[in-house]
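Q:
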Ligand code: IVH
């Protein structure tokens, strides 16, 4: 085979694979088998390996993802990503429609499903996917292009014609129930915490560092809004149809409505049938169809006036409260959990519900034997939201909250201003001891394989383990002799324990389980102080001065290290060789060699310390104050006006976050560290379809067969 032929074949394969991806992921109508698809893909992968310079950055092989770690660079949205104002009742919706009609007269609306996922903005240039950015704070989001490329229903190259040279299209990344359930089954089997809902799962997946993982999570992308300067449509509905013709996945459950009654019929239809959809929806979005009218209506600071969301009522069920258990967590916090008569709710049988604290029990006057309403919110465990007083028994008695720990009998305490009761017996109360060890070995902490909750409990009961330091003194022979364990488990545990000695300092700090020091806070503290000794020696004020650490966290850290038992544990952990010092920062490039840099303001998704570390990693020197010696300033969100004025007076270049990243990522690339970082119709035909819509049956109107 000659080179020319191979390259032609590469282009052909790209085209074929794009075509079949669209058939499979967007049209749900595959023409070839998975196996045939994989064969074509393999052929293209082989050719790309042979001719790496010929590989298209948007090649279908990119959908497979890679295991290189992605760093998410923050990017400014060309057009801000706004949110929608919500309505919760027919009356509120009626008022909105009336306001709009009073303002601008007769209006045509487009009604769409409100997909419950995570918003995304895709930019296309010359028909190829250029960038995918999360919503972030609406002004700036994270560049997640590598991950989004793996989503089958996102076209990497557009089909058809008439698309602008440069435009953005917005939509939602969703995780269908089938993928969500599979993922949670896998997590359960691996002993990992379950994800609360498909929305969180989709958002979490998009931020995965390995695009290979994303590729296996079964995400989908549905689009609902176009933005750009060269768009020539008069109506939103036309833009959706055009986008469908270019290969985007546009929901068919979309309709044009011309009256409040039609909108209400659509809402009613989907409120009762949305459970039949393969993905989560939480309402209906109603948009003014005409772009001219949209412009007249304009926007408030947060949301457009030309669109509104109608939120579905969360599903709830009525059932009997049988009893209340009290769970004690690793911090000693007591949480009441309701035992219910089993009841069907949103596809699952509910037996338990959370009631957050004593105040909530008192506020709702919840009593044993009451008929209570349960709702599924964002969490896995549903919550009690109300009591049906009309069904209360005459002899029911107010609920009395416990005064003593159900596990160890200690008297509970309640700190002023805190909602929860606490068991103060942190060193002698079993769930607290076990909980701390379970937290320590967890995946995001020391990640010790082989040590799950049950094993820890067994080791504790056998007297082999009573605190986190004991983990490093475990005797394999003694473990192997325990029931249900054995030599293989013992070797496994030993291996996991040894491996954990390499876990970076920030995770060790998180693993200690200091109250209020979560995963992110631990990162900030580790990056600021660099060593455990420095943290232990810091005063309350020094701690509180570190980014993301307030008085409450500083107080908790002081308290933790003031405890002699904790200090003893720390010294033992040190002697076993755990990482108590942050790793040396890697030198990425020398692009900032000899440069004096001031980092100022707040940055999106990164601490100032991280920014400073990047300056050093690229050879630069961090300077605190603006002076004539400074080469440039990287300005974040709220750089002080005085500093800015001074810089301008001295003629010092001020870079924003994006410009700074462009500078260092170009250097990263040079130094080889790049890895880091439906129906085609014109307007006329569409208008003609608008006429046909009038004669559709109401059923067709509400189901959205119009698009
Ligand atoms: S339009 C300016 N259409 O809801 C409005 N949003 O609360 C642009 N969403 O951030 C959004 N389905 O993530 C629109 N059919 C739909 C939607 C939708 C879900 C989400 C979107 C947005 C949020 C607003």
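In my numbering, the protein residues as written are 27 to 733. Cβ atoms here follow ideal geometry from the backbone N, Cα and C, with glycine treated the same way.
(1) Could you tell me the distance, in whole angstroms, from the CA atom of residue 506 to the CA atom of residue 514?
(2) Rounded to whole angstroms, what's the CA-CA distance from residue 486 to residue 424? Just pull it up for me.
(3) Pick from 115, 577 and 149: whose alpha carbon is nearest that of residue 255?
(4) Hey, how far is the Cα of residue 664 from the Cα of residue 275?
(5) Specify the secondary structure class of residue 565 as computed by DSSP and reduced to three states.
(6) Can you have a look at residue 29 and say buried or exposed, based on whether 16 or more other CB atoms are within 10 angstroms of its CB?
(7) Any heavy atom of the ligand IVH within a distance shorter than 7 angstroms of the CB on residue 311?
(8) Any chance you could list the alpha helix (DSSP H) runs of at least 4 consecutive residues sitting entirely within the segment 163–220, in chain order?
(9) Relative to the ligand IVH, is the shortest distance from any of its heavy atoms to the C-beta of residue 118 smaller than 7 angstroms?
(10) Going straight from the alpha carbon of residue 205 to that of residue 671, what length do you get?
(11) Using a Cβ-Cβ cut-off of 6 angstroms (strictly less than) and excluding sequence neighbours within five positions of residue 37, which residues of its own chain qualify?
(12) Residue 370 bridges to which residues according to DSSP?
(13) According to DSSP, is residue 328 helix, strand or coil?
(14) Counting along the chain, where does the alpha helix (DSSP H) carrying residue 523 start and finish?
(15) Would the segment 644–660 count as touching the segment 40–60 if we require 3 or more Cβ pairs under 8 angstroms?
(16) Please state whether DSSP places residue 230 in a helix, a strand or coil.
(17) Just the Cα atoms here: how many angstroms apart are residue 388 and residue 272?
(18) Run through the DSSP bridge pairs and tell me what residue 478 is partnered with.
(19) Tell me, to the nearest whole angstrom, how far the beta carbon of residue 5 is from that of residue 147; I am working on the premise that it is less than 8 angstroms.
(20) Would you check if the distance between the CB atom of residue 314 and the CB atom of residue 137 is smaller than 8 angstroms?
(21) What span of residues does the alpha helix (DSSP H) with residue 625 cover, start to end?
(22) Whole angstroms are fine: how far does the CA of residue 450 sit from the CA of residue 383?
(23) Across which residues does DSSP place residue 307 in a beta bridge pair?
(24) Would you mind sorting residue 635 into buried or exposed? The rule is 16 or more other CB atoms within 10 Å of its CB.
(25) Nearer than 7 angstroms: is that true of the beta carbon of residue 145 relative to any heavy atom of the ligand IVH?
(26) Going by DSSP, name the residue or residues bridged to residue 352.
(27) Assess, as a yes-or-no matter, whether the segment 468–486 is touched by the segment 430–447 under the definition of 3 or more beta carbon pairs within less than 8 angstroms.
(28) Cα-Cα, which of 266, 615, 171 and 323 is closest to residue 156?
(29) The beta strand (DSSP E) spanning residue 397 covers which residue range?
(30) Is residue 494 closer than 8 angstroms to residue 462 when the C-beta atoms are compared?
(31) What residues in its chain sit with their C-beta under 6 angstroms from that of residue 575, if we drop five residues either side in the sequence?
(32) Do residue 536 and the ligand IVH come close, with the Cβ less than 7 angstroms from some heavy atom?
A: Short version:
(1) Numbered from its first residue, the chain shown carries residue 506 at position 480. Numbered from its first residue, the chain shown carries residue 514 at position 488. The straight-line gap separating the alpha-carbon atoms of residue 506 and residue 514 is approximately 8 angstroms.
(2) Against the chain shown, residue 486 aligns to sequence position 460. Against the chain shown, residue 424 aligns to sequence position 398. When rounded, the distance between both Cα atoms is 38 angstroms.
(3) Position 229 of the chain shown, counted from the first residue, corresponds to residue 255. For residue 255, the nearest C-alpha among the options comes from 149.
(4) In the chain shown, residue 664 corresponds to position 638, counting from 1. In the chain shown, residue 275 corresponds to position 249, counting from 1. Spanning the two alpha carbons is a distance of roughly 39 angstroms.
(5) Counted from its first residue, the chain shown places residue 565 at position 539. Coil.
(6) One-based indexing of the chain shown puts residue 29 at position 3. Residue 29 comes out exposed.
(7) In the chain shown, residue 311 corresponds to position 285, counting from 1. Yes.
(8) 171–174 and 203–215
(9) Here residue 118 refers to the residue found at position 92 when the chain shown is read from its first residue. No.
(10) By 1-based counting over the chain shown, the position of residue 205 is 179. By 1-based counting over the chain shown, the position of residue 671 is 645. Going by the C-alpha atoms only, they are around 53 angstroms apart.
(11) Within the chain shown, residue 37 is the residue found at index 11, counting from 1. Cβ neighbours of residue 37 beyond the five flanking positions: none.
(12) Position 344 of the chain shown, counted from the start, is the residue given in the question as residue 370. Answer is 375.
(13) For the purposes of this step, residue 328 is identified with residue 302 of the chain shown, where counting begins at 1. Reduced to three states, the DSSP call for residue 328 is coil.
(14) The sequence position of residue 523 within the chain shown is 497, counting from 1. Residues 513–525.
(15) Verdict: no, contact absent.
(16) As a first step, residue 230 is located in the chain shown; it is residue number 204 there, counting from the start. It is helical.
(17) In the chain shown, residue 388 corresponds to position 362, counting from 1. In the chain shown, residue 272 corresponds to position 246, counting from 1. Their backbone Cα atoms lie some 57 angstroms apart in a straight line.
(18) Counting from 1 along the chain shown, the entry for residue 478 is found at position 452. Paired residues: none, contrary to the question.
(19) Lying before the first or after the last residue shown, residue 5 is absent from the chain, which here runs from 27 to 733.
(20) Looking up residue 314 in the chain shown gives position 288. Looking up residue 137 in the chain shown gives position 111. No, these two residues do not count as a Cβ contact at 8 angstroms.
(21) As a first step, residue 625 is located in the chain shown; it is residue number 599 there, counting from the start. Where residue 625 is concerned, there is no enclosing alpha helix (DSSP H), although the beta strand (DSSP E) it sits in stretches over 622–626.
(22) Within the chain shown, the letter at position 357 stands for residue 383. Within the chain shown, the letter at position 424 stands for residue 450. So the two alpha carbons sit approximately 17 angstroms from each other.
(23) What you label residue 307 is simply residue 281 of the chain shown in a count that begins at 1. According to DSSP, which records beta bridges pairwise, residue 307 is partnered with 141.
(24) Walking along the chain shown from the start, residue 635 turns up at place 609. Buried is the call here.
(25) Along the chain shown, one-based indexing puts residue 145 at 119. Yes, the Cβ of residue 145 comes within 7 angstroms of a heavy atom of the ligand IVH.
(26) Within the chain shown, numbered from 1, the residue matching residue 352 stands at position 326. Per DSSP, 362.
(27) no
(28) Looking up residue 156 in the chain shown gives position 130. Here the closest residue by C-alpha is 171.
(29) Stepping through the chain shown from its first residue, residue 397 is reached at position 371. Per DSSP, residue 397 belongs to the beta strand (DSSP E) from 397–401.
(30) Here the question's residue 462 lines up with position 436 in the chain shown. Here the question's residue 494 lines up with position 468 in the chain shown. Between residue 462 and residue 494, the C-beta spacing is below 8 angstroms.
(31) For the purposes of this step, residue 575 is taken as the residue at position 549 of the chain shown. Excluding sequence neighbours, residue 575 sits near 569.
(32) Your numbering for residue 536 matches position 510 in the chain shown. No; taking the cut-off as 7 angstroms, the Cβ of residue 536 has no heavy atom of the ligand IVH nearer than that.
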